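Residue numbers (the numbering used here): 5 to 189.
Shown next, in structure tokens, is the structure this report addresses.
See the structure below:
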């Protein structure tokens with residue numbers, strides 16, 4: 005089974021697109037892990053390791069549940085048009101939902117070696133970090149734009165005040181000169 009898969013991989017690698025490479029890597033890992041003998045068969049993990057693995061699994065599922073909740077709240081808050089063409093970055097929002105839901109389903113459904121394949125989706129969940137960074141950058145740029153606009157209005161106001169005071173000063177000097185000329189010395 006594995007040699008045939010290797011030949012197919014070599015055929016597909018000639019085309020070398022990112023999507024095909026990712027699919028082939030996932031499939032190869034899946035079949036390789038399912039087909040390979042368990043090398044740690046003779047090593048019994050300690051109870052503390054089993055507890056740690058169980059805690060990590062629970063934490064992973066909890067985080068995925070939070071991501072699903074976030075997707076649901078986005079749907080409620082922004083409406084379905086948030087995920088439809090015409091909205092800015094709609095493809096990224098749909099991709100995000102697909103990754104989160106598929107990760108959740110695979111974490112719940114798969115067990116044992118097969119579940120390790122679902123771990124590859126964690127790489128795609130790193131996409132969420134990119135999304136958070138994008139949101140921070142957009143938020144900062146909006147904040148900076150608002151600050152620049154506020155400072156521009158303040159500068160315009162100060163320029164108007166300066167012009168008015170300069171005009172008033174010129175009038176006061178002119179009045180002062182006329183008073184000096186009208187007073188006998």
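Virtual Cβ for every residue (Gly too), placed ideally from N, Cα, C.
Everything numeric in this text was worked out from a predicted model, so none of it was measured.
Item	Value
From the DSSP output, in three-state form, read off residue 40 for me.	Reliability fails at residue 40, whose pLDDT of 49 lies under 50, so the model's placement of it is uncertain and no value is given.
Take the Cβ of residue 69 as the centre, count every other Cβ of all protein chains shown within 10 Å, and call the residue buried at 16 or more, exposed below.	exposed
Rounded to whole angstroms, what's the CA-CA distance from residue 39 to residue 125? Just pull it up for me.	For residue 39, the pLDDT reaches just 49, beneath the cut-off of 50, and the residue's location in the model is therefore unreliable, leaving the point undetermined.
Considering residue 70, what are the terminal residues of the alpha helix (DSSP H) in which it resides?	51-82
Put residue 1 into one of helix, strand or coil per three-state DSSP.	Look at the range of the chain in this structure, 5 to 189, and you will see that residue 1 is not part of it.
Can you tell me which of the three DSSP states residue 10 falls into?	The predicted position of residue 10 is uncertain, since its pLDDT is 47 and thus under 50; a value taken from the coordinates is nonetheless stated next. In the structure shown, residue 10 sits in a helix (DSSP, three-state: H, G or I).
Could I get the ranges of all uninterrupted alpha helix (DSSP H) runs contained in the region 98-143, with 4 residues as the minimum, in chain order?	117-122, 125-129
May I ask you to report which of helix, strand or coil DSSP gives residue 180?	helix
For a test of the three-state rule: what should DSSP assign to residue 91, helix, strand or coil?	coil
With a Cβ-Cβ cutoff of 7 Å, do residue 103 and residue 128 count as a contact?	yes
For residue 44, count neighbouring Cβ atoms within 10 angstroms of its own Cβ and tell me buried if that reaches 16, exposed if not.	Bear in mind that a pLDDT of 47 at residue 44, under 50, signals an unreliable position, so the model cannot answer this.
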